[in-house]
Structure formats: structure tokens, C-alpha cells
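Numbering (my numbering), first residue to last: 30 to 276. Virtual Cβ for every residue (Gly too), placed ideally from N, Cα, C. In this text the structure is predicted, and so the values were computed from the model without any measurement. Everything on this sheet refers to the single structure shown next.
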Amino acid sequence: MLKGKVAVVTGGTRGIGYSIVKKYLENGAKVVLFGSRQETVDKALSSLKAENGNWKVEGMHPALTNAKEVEKAINEIKEKYGRIDILVNNAGISQSTPLCDYTPEEFDKAIDLNVKALFYAILPTAKIMKEQGGGCIINTSSMVSLIGQSSGVGYPTSKFAVNGLTISLARELGKDHIRVNAVAPGVTRTDMVASLPDEVVKRISMQIPIGRPGEPEEVADAFLFLASDMASYISGEILSVDGATWI
Ligand code: NAD
30 MLKGKVAVVT
40 GGTRGIGYSI
50 VKKYLENGAK
60 VVLFGSRQET
70 VDKALSSLKA
80 ENGNWKVEGM
90 HPALTNAKEV
100 EKAINEIKEK
110 YGRIDILVNN
120 AGISQSTPLC
130 DYTPEEFDKA
140 IDLNVKALFY
150 AILPTAKIMK
160 EQGGGCIINT
170 SSMVSLIGQS
180 SGVGYPTSKF
190 AVNGLTISLA
200 RELGKDHIRV
210 NAVAPGVTRT
220 DMVASLPDEV
230 VKRISMQIPI
240 GRPGEPEEVA
250 DAFLFLASDM
260 ASYISGEILS
270 VDGATWI
């Protein structure tokens, strides 16, 4: 579905991002994954190479909250591969601090990584996509971007902003043949959820009409669809992958 396409995936070393990278490689893309440290990048790359030594994948670790570092990394990828077809802004942190225990610094952290870093990656990439005649940007939002969250207000606030950025840029960049969408996962069995005791997962699952948390691969399928030509007329969409939780 993505034969010959060049993709950049932030937060690609584990969880949902790792599944996206794998799914893109399985479907013929060349992928550059971004992680936060060299060790986690190396670990992800060796595990991917162990699955298939022919996959074209490499890793980098620019500081995503530093616009200049991100711009440099994106331009290096363009130099090496000649183009960037798909940008997935997936790296993110969650928060659950009650309001009165929040610090401005903690709130800033959510906004810096979950919102500003997306803008920093999109800026140089959109220029490249415009020049080459098109491309596709997919941001990771969350079901809390639609329903809010009862503590950790920085996190839902940042994901509401992700939706605003997504819909607005879809409108602005449509004429340049750049599609911009977001995927809004519900509770997904990444490291965070996998470490919860069984009874807690059972309790959470009772609030999910489908009756269980999602798997990272199920979320990654939405990223594959949106990046593919099957979604050629879909832009400005926030696609929920949450077992109907928010209803
Ligand atoms: P995860 O913690 O397993 O992965 C997070 C990824 O982001 C990692 O690859 C990590 O390296 C990267 N990252 C974190 N901080 C970083 C930093 N400062 N600089 C660079 N990279 C950094 O979590 P996940 O569940 O796979 O989350 C991925 C995305 O999905 C996030 O945007 C998250 O908000 C969103 N999401 C997750 C869930 C869920 O239930 N797991 C639900 C809704 C949305």
C-alpha cells in the first residue's frame, strides 16, 4: 500500500509509533523513525532488522522541542531520500496531575511536546511536500481530545490543539495536495496500559463498548489507511480508534 514512499515517524521506538513503523515497512515504505535517545533508537532498529533484514529503516533522535534540530533532521532526510511523502507526528506524553498540584512547567511540557513539536516538524516538511507536489501528514491525537479528561488538564488541552492544527492545516494545504489528518486512539495496550494490574484493565474495559483496550497494531492500521492512496480524498479528519469509548 505504500510501495516506494518515504515516511518519517516520531516516537517510533515503542508503543503505537513502533507498530506504525512496522506496518509501513511491511507495506513497502522506507522509514526514518525518531526516538528520544540513541539507545532506544538502536533497540527499535535491531528488533525491526531481526524481523526482516531487507526493511529500509533508519533512526535519528533530534530534540523534538527544538525547532532548529528538527528542521536539520528533516532536511537531511530530504537530502538522502530525495523526498518525504508521509510525516507521522506520534511522539507524546500523557499527564494525570490534579489541577492544584500542577506547575506551569509541567503544563508547558505537554504543550511543548504534544503541540509545538508537531508544528516544528510540519514546517520544514510541508515546504518539501509543496515542492514535490504533495504529501500526507498524520498526527496522533487522543479520544480525550473529544471528551476531555478529569485530571491532568495539560494532556487533553494539548490534544484539542492537535485537532485544531490538523483541521486548519488540512484547509490551508489542500491546494498543495497535502492531506492532513489525525488518529484519536482510545485506551491502547502500550507499555503504560500493559503494566496495569488485570483487575484495573478489566474495570477500564467495562467502559469500552467493544469490551477491551485496543492493540497498538489496530491503531497503526488507521495510520496505514490514512497514509495510503485509499484515503486520497480524506483530509481534515480526526479518526477515532477507540472501541466506541467516547459514545
Ligand atoms: P509510549 O509512551 O509507549 O510511546 C511514546 C513515544 O513518544 C516513544 O517512542 C517515545 O520515545 C516518544 N517520546 C516521549 N517523550 C519524548 C520526547 N521528549 N522526545 C522525543 N520523543 C519522545 O506511548 P504510546 O501509547 O505509544 O503513545 C503514542 C501516542 O499515542 C502519544 O501521542 C499518545 O498521546 C497517544 N495516545 C496513546 C494512548 C494510549 O492509550 N496508549 C491513547 C491515546 C493517545
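Is residue i near residue j, with beta carbons less than 8 angstroms apart?
i	j	result
Gly41	Ile49	yes
Tyr149	Val99	yes
Val38	Gly46	yes
Gly265	Arg218	no
Val173	Lys188	yes
Leu54	Leu74	no
Leu253	Lys32	no
Val216	Gly181	no
Gly111	Gly88	no
Lys159	Thr94	no
Val70	Val86	no
Thr195	Ile140	no
Ser171	Ala223	no
Asn104	Pro153	yes
Ala155	Leu202	yes
Taking all protein chains shown into account, do 16 or more other C-beta atoms lie within 10 angstroms of the C-beta of residue i, making it buried, or fewer, making it exposed?
i	result
Thr132	exposed
Asn118	buried
Ala256	buried
Asp114	buried
Cys129	exposed
Gln124	buried
Met259	exposed
Ile176	exposed
Asp227	exposed
Tyr184	buried
Asp220	exposed
Pro245	buried
Asp271	buried
Met235	exposed
Lys204	exposed
For residue i, which of helix, strand or coil comes out of DSSP?
i	result
Ala58	coil
Lys216	At residue 216 the sequence reads Val, which differs from the Lys that was named. Coil, per DSSP.
Thr39	strand
Gly240	coil
Leu268	strand
Ile263	coil
Ala273	coil
Closer than 7 angstroms by C-beta to residue i: which residues in its own chain qualify, once you throw out the five before and the five after it? Chain order, please.
i	result
Gly121	Gly40, Leu142, Asn143 and Thr169
Gly162	His206
Lys34	Ala58, Asp114 and Ile115
Leaving out five residues before and five after residue i in sequence, what residues of the same chain have Cβ atoms less than 8 angstroms from its Cβ?
i	result
Arg66	His90
Pro238	Gly272, Ala273, Thr274 and Ile276
Take residue i and list the residues in its own chain whose beta-carbon comes closer than 6 angstroms to its own, dropping the five residues that flank it on each side.
i	result
Ile167	Val117, Asn210, Phe252 and Leu255
Ala36	Tyr53, Ala58, Val60 and Ile115
Glu247	none
Minimum length 3: unbroken beta strand (DSSP E) runs contained in the region 155-198: 164-169
Ordered list of beta strand (DSSP E) runs contained in the region 44-124, each at least 3 residues: 59-63, 86-89 and 115-118
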